[in-house]
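Everything below concerns the one structure shown next.
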Amino acid sequence: MTALDSETEPRQSPVGTADLPEQYEGEEREAGPPPPSLFDDLVALFDDGKTYAQAELAYQKSRAGFVANRVKFLVAYGAAALGVFHLALIALTVGLVIALIPLVGPWLATAIVTLALVVVGVVLLSMMKKKVDDIRSALAEDHE
Numbered sequence: 001m002t003a004l005d006s007e008t009e010p011r012q013s014p015v016g017t018a019d020l021p022e023q024y025e026g027e028e029r030e031a032g033p034p035p036p037s038l039f040d041d042l043v044a045l046f047d048d049g050k051t052y053a054q055a056e057l058a059y060q061k062s063r064a065g066f067v068a069n070r071v072k073f074l075v076a077y078g079a080a081a082l083g084v085f086h087l088a089l090i091a092l093t094v095g096l097v098i099a100l101i102p103l104v105g106p107w108l109a110t111a112i113v114t115l116a117l118v119v120v121g122v123v124l125l126s127m128m129k130k131k132v133d134d135i136r137s138a139l140a141e142d143h144e
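The numbers in our numbering rise by one with no breaks, and the one at position 133 of the sequence shown is 133.
Here it is in structure tokens:
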């Protein structure tokens with residue numbers, strides 16, 4: 001034996017759970033409510049699904065209301081544009097006969113009236129196109 005061997009302590013056997021002192025024993029659980037059962041979890045899952053379905057339905061109803069509002073304006077602007085173009089054709093017909101003959105002559109007067117009504121019709125059509133684009137963008141949104 002060497003001097004170092006005499007200074008070291010002999011190895012002890014491994015300590016297992018059976019060898020633990022009582023202070024290290026597992027503490028008893030405090031009495032409390034039991035964890036939720038599988039049935040309770042399934043009921044909660046069903047309730048959450050029902051809530052999600054109701055929220056989705058409300059969202060889709062609001063989208064449908066938005067589209068209905070835009071379609072209403074689309075129809076109004078489209079009808080107005082068609083009416084104005086119809087008036088442009090009437091102005092062309094009437095203008096050929098009686099339009100401002102004394103001031104600019106019949107042809108120039110007819111052209112002025114017709115072009116003015118066509119410009120109004122184009123403006124109404126562009127307003128209608130904006131409403132159509134609003135509807136398209138509302139329906140094309142990704143639900144993230």
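Backbone N, C-alpha and C fix where the C-beta goes; we use that ideal spot for every residue, glycine too.
A quick note: this is a predicted structure, and the numbers were derived from the prediction, not measured.
Along the chain, where does the alpha helix (DSSP H) containing Asp-35 start, and where does it finish?
The sequence given here has Pro at residue 35, not Asp. No alpha helix (DSSP H) holds Pro-35; DSSP gives it neither H nor E.
Determine the DSSP secondary structure at Gly-105, reduced to helix, strand or coil.
The answer is coil: DSSP assigns Gly-105 none of H, G, I, E or B.
How is Glu-141 classed by DSSP in three states: helix, strand or coil?
Coil.
Do you know whose CA, among Leu-92, Phe-73, Ala-53 and His-86, lies nearest Gly-121's CA?
Closest by alpha carbon: His-86.
Measuring CA to CA, which of Ala-64, Leu-74 and Gly-49 is closest to Asp-133?
Cα-wise, what sits closest to Asp-133 is Leu-74.
Which same chain residues, not among the five before or five after Lys-131, have their C-beta less than 7 Å away from its C-beta?
Arg-70, Phe-73, Leu-74 and Tyr-77, listed in sequence order.
Please state if the CB of Thr-114 and the CB of Leu-82 are separated by a distance shorter than 7 Å.
No.
Taking the C-alpha atoms as reference points, what is the distance between Ala-88 and Val-118?
Their Cα atoms are separated by approximately 6 Å.
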